[in-house]
Structures are given as structure tokens and as C-alpha cells.
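Protein chains in written order, with the numbering used here: chain A, -1 to 432; chain B, -1 to 432.
See the structure below:
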């Protein structure tokens, strides 16, 4: 919708057709856990702009209930079905594939049972909220421990629902420095969420008045099971049409967001991006990039050439009282991309010496010994994390050395941090190792 | 002290002599307003390290009560008096002048009266606190409306003291974009602080049981008068020795912190710096630069050459519920330094669409039409300002264009901001004007 709106704003005479499988367009998907947490709020609060506004005020030909199924790149047509019944066919001069992603659902018995849910669309959110209320859910199991799983754990605890989380891998947040991941673990457990690591999932069973999640060496009972084990890109429409896919099976696009076919663009969670640190392709499906890419596609289609330099993989989430953030590469990822990385992890205070209310803040920085470059940053803490990470993100976009980053003049006042910002203290420690 | 500590750590065999006029070394000066706000806290809480620690644990020859009065650059000696009585003389191989700054006190009648105070040293803080308690201060007048004045207004209001502020100039925070300065004005007045702009100060009079601050067209009565009309660098020791001073009368130093005499360094509030945006000298006395310069002097003296690239003038302060921050140049400063600046000021939300608790956040960005460079940023808001400004600061150090800044991948989660960070939205608006 960001591409459609921008194209129509730039060239009102252009015919802009949008085909949307569901009935919902333009909503704050990331806001769903916070909405689910609050029984008084309606899911519709998250709608930013309704279909009617897109149609009437913006003049976009928006077709909801239209599921695109085939792209004929030769004849430049898209075909599909309306509400699973009637067929449709549209011609295009330029096509944008913005099919997003879908939750990974393990191909195991019982994942189709009533009470097994996943969270991606607004309709998913509505269903989860309705299910909790209709069934007076008291106990939930979450499969997966990524940020959506953790945000949902917090949301469900806010509704006094018991939460157990389970995943096959041995580590919570495997991309995170171990001590810092331990801080997240502790905070989550302190809020009475059970974390069961290293238990492969075998099946879900209907046990009469509840569900049993059967794992290796563990069975968890639940009124509701949320599957939050990551997402896959909806790239089949593209690959079936012969368009190239690559990393994470996402649709391969160049810096202008074009696929292998010049007339076809892809943007959003279904498409890949260049990473500014590695210079290579990455698939890190996040909201800002999706919006930004939508705009760039519109500009390119409207004859205003737009190239996107790339992403640094900056992300933040809140879990109970903690802010957890990252940008760029972890130590392990840096090794994988051929750098000669060193890292440092420091503990510091979120406010100045002797200022009341200070909390601990952890900062991890990774630098490249060969080039001196800053490669990545991670942070955890109760305050001052979410926006602090952006300074490191900007440094990555500017290809700054750790030394140049250390020399930056950052803001100081006692309520907001020590004289030396924790990032600078970390950079100083890292320099000693480089 | 940061220079002395670092030099001694690097070269324990070096004889490091520190001459300090007062009895206090190494304290959080910026923390004083917050300490004054709280009658239960002792000023000594702000001491980071005591003289005893510097002497015994670090082996620094720290002489308190020693006031340096003359530098003989030819014979490399410093002379002065001990506790205003005994003379002293020290030889040096390398000298660091770190004499700091002092509050500007107008040369007007009555500024020497009892109850007229200023805040710079820990002893000043102690005196103010003692004065408030001994005299049961109910009403204070603050002369000046800079960040120390505003922080002190908040501190005194926290102690239920009536506060009136007065200054000769017509504008609150003249460096700030007018609408945003208006937000600060409104917040300050909403907390029942009287702001009297455009009233030149004539004298202070003893009116028996109180003081009268006599201004043009206005007389304000007070139990205590705080003079917070800016600071001057303590550069006379240097200029008397023939060392060059420049902008703001601060001691001129090169990127290695050397004065006109190779053997003499200057650092802290008494010395100037290069500004990374203008490339020219600036005098912006702030804590981080002072500490950083101290370290660089120690490194240079210890034979580890250190050059500082410069400052971007990043600063933040809190006034009641507002965070106020800036980095780089304002529009007016940009004009003065020969840029062709354009600015944009936007209002945005501190949290995502439909996320509860969102507050307004104002962002001002200035860019250079000629080069495309980002020149400065200002922000005001109830949350998310203090650390957000650092992203812009890093961009200034990286000499980023507004377009490159707009392309940065910043963190997003609903509790912390909109999908497009307010800075990116501002950058996008600014690009349209460039």
C-alpha cells in the first residue's frame, strides 16, 4: 500500500491496481501483541487507513478478497481467484510483488487442531483475541522464542495467562552475546514464563479439555498453542513465474527493487536486500525496510530513479521491563562473512554517577581487526536501549571505524546516561582488543 | 584528573603533579541540580573519587588548596600560593592547563550581596543547599535561562520554592527553532516558573528580609538569587603567559590539545575545539569533551600520539517533563558559517500508531543545499529525545548527506516510535526542500 499510495500521489493519472487476498490493508502488524494484551481494545484500532480511504480519497483500484495465483511474465498478466470462487485476470505494465511472509508451521501432527494459532495478519490477531475470550484461556504454550514469541509471552502474561515457551535449539536468541541473552532469559523467567530450550517438537495432541504439546522429553499442556517459530517469505508466486529467489527463499531484487524481470519489482517481507556491512544479500524482514522499499518502487515506476543503499538489520523489541536491540553483525555472523572480528561486552549504568533510578545497561560491540571497521552492536537494558542502538546503526551506514565511532560527540545529561555514553565506553574497550 | 589518572596508568613511573585551588576533585558537576532538588541527599554523593584515592591508590601528587597564578614558559615553572598564604613553585616538563570555567557575574551593584549565588563548583552547590535550608528559602529569582538555569528552576520547584527567571534577551533558547523553544517555554511556565524575557538587569538591592532584583520595567523579589547567565573560560593564566586565546576567550589548542607552546596543553572548559561541521574553532564547554581531551593530553604526553577530530556540539538537558537536545548547527549558525541552509521542523509521535502513551516529539533538521550535507538537528519531547539525538550526531561526524541519513536503517518497535523514526520523517521532508 505504501507503493500504491506514493505512485498515485506522484502520478495521479496512473492506473494503480492492488490485489489483496484478505480484507485488511494498512495496519500496524507489529502492534498486535500490545493490542492482544489489552482486552478493552479492539483490533481495528491498529488500522492505519481503511480500504475505503484508499479507494475513494486516493483513487487506488483496491480489490480485496482477490488472491493472485499466477504471473505470466511474457504476456504481463496476473491471474487468480476472487473469494476462492471467480477467476480474475489483470494486465500490467509494471508489477510489484508485495506478498509478505507467513509463519513457519512445522509439518507435524496436530498443528491443524483448533486452538493452535499463529500471528501474522490482523485476522490472526482477531482470532487469537476471540479464542482467548471464548475459551477463557488460562494456559498457553508458545512454540519459538524469537521476538514475536517473546512479545506475545508478555502480552499473554498481561492477561494473567500462564505461559510456557519451547524450542528445539539450545539457546535463547542465538544471535545474541551469551551473557546478554542470559539477561533476557532471567527477565522472562522472572515474569513467570517457563523457557524450555533444547526440546524438539514432536506433535500436538487433543487431550479433551486441553491440548498437549509433545516434545522430546517434555509434554506441555495448554488451552492455546501459539506457533511463533519464524516466518517464510511468500515467494512462490514469483518463483513459479521463473523469477529468481535466493537467501532465505526470498525474492532476489537489485538496489532498484527489480527482480530478474525488469518490469517486475518486489518489496516487503517477500524480498531480499543488500546488507550495508557485508555488501551481500540478506533477508531480514522488518517493517521500515518494507515501507522504504515500497516508496522506492513507486519512485522507480514513476520515472524517479531510486536506489536503496541497503539495510543494517537494526531491530529492537521490548520484553517485560527490558529493551533488547541489535544492529549489524554478531561476532559469529562476522566470522561467517570473512571478517576478522573481535568483540567486547560491557555492563554500564543507564544514568550518571549518583543519579537516582539508574539501571544496568549491557553493550556488545563487534569490530573488524583487519579494517578497523565497526561491524555490529547489541544492547540490553531497562531504559535507554531502543534509541541508543540507532547511533551505532548510523555508524554502520557511514562505514565508520570503531575509532571514529569512539570519537563521536554524544549527548550527556545525568538523567540519561554517564558522561561517556555506554557505547563509547564499549568502543574504547574494543579498541584495546583491536 | 582524567588526564592525571590516565597518564599515571600508562606510565606509572611518571611524576604527575596536580594543583587544585579547591578541596574537591572529580565530582559530577552536572549532577548538582538533581542533588539540590533532594533535601535528603548530601552533596558528597556526587564525588566520584576522593583526593585520598588519587594520592594513595593512583600515586598522583595531588595538592589541594594550591592556586596556580603564573606560568613562566621560558623556565617551565608554575608559581602560586597555598591557601592564600604560602607561595609555591613547581617545574614541569609538560604542563596541562585545566582551569575550567566560571559563571559570568555581571559587573553591577548588589551581585556581592548575601543570598546571591552561582553554581559551578561542588562548594557552590553546598552553599546553595545550606542557604536554602538555613534561610527557609521560599522564593528564588534565576538570572539567565540557559540549561543550568532551567535545570535549577526544576530543582527549586521540586523543593516547593517559587521561581522567577529573567534575562535581557527577547528569546528563550535563542539557538533553538522558535516553535520548539515555545514548547520548552510552555512546559516551564506550566510548572509555575515565571519567565521574564527582555528585561535588562540593573542591580540587586537588599530590601531587609529579602532581595530585590531590579530590572528594566520589572522588580522581582527573592530570598535567593541564582546567577546562571553563562560561563567564561578561566584562560587568564594562559593568556598572561602569552599563550594564544581565541573564540569565546578560550585557550586555543590544536587537535593534539597543544597550545601555542608545544610543552603546554589545555583541556576542559578553558580550551577550544574544532567543530566537525564547520571545520573551524568552537567553544562549547561540555563534560564529555573535557574528559576526552584529558585522555588525549595524557596519551600525547606519554608518547602515544592522539588527535581529536572534533566536536559536534551535542547536548541534552531535561526540564520538567521535557527532554531538549541538539547537535551540530542551527539554521542561523549555518548561515553564519557560509552554508546555504534549509531547515524543516516536524511534529511526530513518540510511539507507534495506536500504541498507548505516545507523546508529541518535535524534530528540526538543517541541511546544506550546496553540498547536500546534514548540518544539525534539534529535538524536544517528553520521551525518546535524549538518545535519539545521537544518531544525528554520528551522522554529522560521518559527514553524511541528508539523503544518506534518510536511508539509514533505524530500529522500530511500537513502544519506541513510529515505523519511520521521526528523524527519518524529518529527513524526508528536508530532502524535498533541498
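Ideal placement from N, C-alpha and C gives every residue a C-beta, glycine not left out.
Return the residue from the list A:351, A:129 and A:2 that minimises the CA-CA distance to residue 47 of chain B. A:351
With 16 as the cutoff for other CB atoms within 10 Å, does residue 134 of chain B come out buried or exposed? exposed
Cβ neighbours of residue 197 of chain B in the same chain (closer than 7 angstroms, five flanking residues each side left out): 164, 166, 213, 214, 215 and 216
Measure the C-alpha to C-alpha separation of residue 361 of chain A and residue 33 of chain A and round it to an integer number of angstroms. 30 angstroms
Please confirm whether residue 34 of chain B has its beta-carbon closer than 8 angstroms to some beta-carbon of chain A. no
Would DSSP call residue 400 of chain B helix, strand or coil? helix
Thinking C-beta only, is residue 289 of chain A closer than 8 angstroms to residue 99 of chain A? no
Tell me whether residue 252 of chain A sits in a helix, a strand or coil according to DSSP, three-state version. coil
Listing by chain order, which chain A residues have their CB less than 8 angstroms from the CB of residue 309 of chain B? 407
Do you know whose CA, among A:277, A:146, A:253 and A:422, lies nearest residue 269 of chain A's CA? A:253
Establish whether the CB of residue 268 of chain A and some CB of chain B are separated by less than 8 angstroms. no
Give me the residue from A:426, A:303, A:225 and A:156 with the minimum Cα distance to residue 103 of chain A. A:225
Is the shortest distance between the beta-carbon of residue 378 of chain B and the beta-carbons of chain A less than 8 angstroms? no
First through last residue of the alpha helix (DSSP H) which encompasses residue 148 of chain A: 145 to 156
Which partner residues does residue 84 of chain A have in the DSSP bridge list? A:80
For the stretch 155 to 240 of chain B, which segments carrying the alpha helix (DSSP H) assignment without a break, of at least 4 residues, lie completely within its bounds, in sequence order? 176 to 188 and 234 to 238
Contacting residues, own chain, Cβ-Cβ under 6 angstroms from residue 87 of chain A (five flanking each side not counted): 75 and 77
Who are the neighbours of residue 289 of chain B on chain A, taking C-beta pairs under 7 angstroms? 417 and 418
Residues in the same chain with beta-carbon distance under 8 angstroms from residue 279 of chain B, minus the five sequence neighbours each way, listed in chain order, please. 244, 245, 250, 270, 271, 272 and 273
Which residues bound the beta strand (DSSP E) around residue 345 of chain A? 339 to 347
Which of the three DSSP states, helix, strand or coil, is assigned to residue 57 of chain B? coil
Tell me whether residue 351 of chain B sits in a helix, a strand or coil according to DSSP, three-state version. coil
Other residues of its chain near residue 306 of chain B: CB distance less than 6 angstroms, five sequence neighbours each side excluded: 253 and 294
Contact list for the stretch 341 to 373 of chain A against chain B, Cβ threshold 9 angstroms: 350, 351, 352, 353 and 354
Please identify, using Cβ separations under 9 angstroms, the residues of the stretch 137 to 170 of chain A that lie next to chain C, in order along the chain. Protein chains in the displayed structure are A and B, and chain C is not among them.
Output, in chain order, the set of chain B residues within a Cβ distance shorter than 8 angstroms of residue 386 of chain A. 385 and 388
Check the Cβ of residue 306 of chain A against every Cβ in chain B and list those closer than 9 angstroms, keeping chain order. 405
Decide if residue 50 of chain B is buried, meaning its Cβ has at least 16 other Cβ atoms within 10 Å, or exposed. exposed
Going by C-alpha to C-alpha distance, which of A:418, A:421 and A:94 sits closest to residue 260 of chain A? A:94
Counting only beta-carbon atoms, is residue 96 of chain B nearer than 8 angstroms to chain A? no
Interface residues of chain B around residue 123 of chain A at Cβ under 7 angstroms? Under the 7 angstroms cutoff, chain B gives no residues; its nearest Cβ is about 12 angstroms from residue 123 of chain A.
Determine the closest residue to residue 140 of chain B out of B:228, B:97 and B:258, with distance taken between C-alpha atoms. B:228
For residue 318 of chain B, would you say it is in contact with chain A, using Cβ-to-Cβ distances shorter than 8 angstroms as the test? no
Restricting to Cα atoms, I'd like to know which of B:390, B:375 and B:339 is closest to residue 369 of chain B. B:339
Between residue 28 of chain B and chain A, is any beta-carbon pair separated by less than 8 angstroms? yes
Which value, in whole angstroms, describes the spacing of the CA atoms of residue 302 of chain A and residue 292 of chain A? 13 angstroms
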